[in-house]
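Under full-length UniProt numbering, think of the first position of the sequence shown as 1, with each following residue one higher. Where is the CB? At the ideal position from N, CA and C, for every residue including glycine. Below is one structure, written out as structure tokens; comments come after it.
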Amino acid sequence: MPVDEEAGSGTAFSQSLERGLMILSSFSETHPVLGIADISRAVALNKSTTHRYVSTLARLGYLQQDPETKKYSLGPKVVDLGFAALNSLEINRVAAPCLQSLADETGYTVSMAVLDGADIVYVERRRSGRATSAYAMGLNLHVGSRLPAYCTSMGKVLLAHQEPAVLRQLLDRTDFARRGPKTLTNREQLMAALAKIRQTGVSVNDEELASGLRSVAAPVRDRTGRVVAAVNIAVHLTVWSTSADAVVARLERPLRQCTAEISTRLGYR
Numbered sequence: 001m002p003v004d005e006e007a008g009s010g011t012a013f014s015q016s017l018e019r020g021l022m023i024l025s026s027f028s029e030t031h032p033v034l035g036i037a038d039i040s041r042a043v044a045l046n047k048s049t050t051h052r053y054v055s056t057l058a059r060l061g062y063l064q065q066d067p068e069t070k071k072y073s074l075g076p077k078v079v080d081l082g083f084a085a086l087n088s089l090e091i092n093r094v095a096a097p098c099l100q101s102l103a104d105e106t107g108y109t110v111s112m113a114v115l116d117g118a119d120i121v122y123v124e125r126r127r128s129g130r131a132t133s134a135y136a137m138g139l140n141l142h143v144g145s146r147l148p149a150y151c152t153s154m155g156k157v158l159l160a161h162q163e164p165a166v167l168r169q170l171l172d173r174t175d176f177a178r179r180g181p182k183t184l185t186n187r188e189q190l191m192a193a194l195a196k197i198r199q200t201g202v203s204v205n206d207e208e209l210a211s212g213l214r215s216v217a218a219p220v221r222d223r224t225g226r227v228v229a230a231v232n233i234a235v236h237l238t239v240w241s242t243s244a245d246a247v248v249a250r251l252e253r254p255l256r257q258c259t260a261e262i263s264t265r266l267g268y269r
């Protein structure tokens, strides 16, 4: 009878599976294409071992190789898994109708995101059929897109409601790079903004992520009261050239109604 090479410790743990997942995790939005040497360094395995695992993952469809460069990128099986995970989230099924109604009511693009480490991940995105939504934002955002939390309205909502110790750890991992003309580029600025968000219940992003882009966000809570997601409405100055205060004055009420409805459907009272 064959013996699993990882079973010697008597624990239900597979080193081979761990290594395969580490290889898949080495690909990211900033490093979507990697060679064997790149992957080998990222997972701390020799090239021969790395090549064996990569070949297996490619044969199964989890990686794909460019025939010219011989480098690898994530394959269709990973995409399928990602969308299956997103589609399986209860919050997506619950939120989708509310988000579409909000987009149709306001005429602007509406998104929902969750926190993953120091980043946000977009899990839902809805556009309105009205004329004001015709502007296509140059950020090319979609379900699955990741952005740094500190410079986004949804990210600031999610950071604001973390436990202090968790928040400290997340900010320790944050590079406060300037992304837009008004990015908050130091920890003290961000902490002051997060305190205001906890007080008001809404987050405003005024060209912190990109020039000309403003958004307002509010939290979504589950039945325990924990903030599990955030929803925002994004407006570009080419569509509506007005002040950030005016954006909040017009969009805060329908946004709060939407997040309250989603939270209620998740069991929050």
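Can you find the residues in the same chain that come closer than 6 Å, C-beta to C-beta, to residue i, ignoring five residues on each side of it along the sequence?
i      : result
Leu115 : Leu158
Ser145 : Tyr122
Among the options, which residue has its Cα nearest to the Cα of residue i?
i      : options                           : result
Lys156 : Cys98, Asn205, Gly61 and Arg250   : Asn205
Thr109 : Ala160, Gly129 and Gly61          : Gly129
Gly225 : Ser40, Thr259 and Gly82           : Thr259
Lys71  : Ser243, Ile36 and Leu57           : Ile36
Arg250 : Val227, Leu102 and Arg126         : Leu102
Gly267 : Ser243, Val231, Asn232 and Val227 : Val227
Leu81  : Thr69, Ser16, Tyr62 and Ser153    : Tyr62
Gln189 : Val166, Gln15, Glu105 and Tyr150  : Tyr150
Ala96  : Met112, Gly107 and Glu105         : Met112
Glu105 : Glu29, Gly117, Arg126 and Gly212  : Arg126
Val216 : Ser153, Ala160 and Arg168         : Ser153
Pro76  : Pro67, Ala58 and Thr69            : Ala58
Gln100 : Arg223, Asn140 and Asn232         : Asn232
Ala229 : Thr30, Ser40, Asp119 and Leu17    : Asp119
Pro181 : Leu167, Ser211 and Asp172         : Ser211
Which same chain residues end up closer than 8 Å to residue i when comparing Cβ atoms and leaving out the 5 residues on each side of it in sequence?
i      : result
Val43  : Arg19, Met22, Ile23, Ser26 and Thr50
Arg256 : Gly201, Val202 and Ala218
Thr185 : Phe176, Ala177 and Arg178
How far does the alpha helix (DSSP H) with residue i in it reach, from first residue to last?
i           : result
Thr200      : Arg187 to Thr200
residue 282 : With the chain running from 1 to 269 in the structure shown, residue 282 is simply not present.
Ala265      : Here the sequence assigns Arg to residue 265, which means Ala is not the residue at that position. Per DSSP, Arg265 belongs to the alpha helix (DSSP H) from Ala244 to Arg265.
Leu147      : Where Leu147 is concerned, there is no enclosing alpha helix (DSSP H), although the beta strand (DSSP E) it sits in stretches over Arg146 to Pro148.
residue 271 : What the structure shows of the chain is the stretch from 1 to 269, and residue 271 is not part of that stretch, so it cannot be assessed.
Apart from the five residues on each side of it in sequence, which residues of its chain come closer than 7 Å, Cβ to Cβ, to residue i?
i           : result
Gln162      : Leu170
Glu261      : Cys98
residue 278 : Nothing in the structure corresponds to residue 278, since the chain is present only between 1 and 269.
Quick one: is the Cβ of residue i within less than 7 Å of any heavy atom of the ligand ADP?
i      : result
Ser211 : What this structure holds is no ligand at all, so the ligand ADP is not there to describe.
Got a sec, what are the start and stop residues for the beta strand (DSSP E) residue i sits in?
i      : result
His236 : Val227 to His236
Glu124 : Asp119 to Arg126
Pro67  : Careful: Pro67 lies outside any beta strand (DSSP E) and carries neither H nor E.
Ala113 : Thr109 to Asp116
Pro164 : Run containing Pro164: none in the beta strand (DSSP E); it sits in the alpha helix (DSSP H), Pro164 to Asp172.
Val204 : Ser203 to Asp206
Report back the beta-carbon spacing between residue i and residue j to the nearest angstrom; my notes put them in contact at under 8 Å.
i           : j      : result
Val235      : Arg214 : 5 Å
residue 271 : Glu208 : Lying outside 1 to 269, the shown extent of the chain, residue 271 is not represented and no answer is given.
Ser263      : Arg198 : Ser263 to Arg198, Cβ: 16 Å. No contact.
Okay, do the region 88–104 and the region 51–60 touch, 3+ Cβ pairs below 8 Å being the bar?
Short answer: they don't touch.
Stretch pair the region 186–199 + the region 235–242: three plus CB contacts closer than 8 Å
A contact between stretches requires three or more CB pairs, one per stretch, nearer than 8 Å, and the region 186–199 fails this requirement with the region 235–242.
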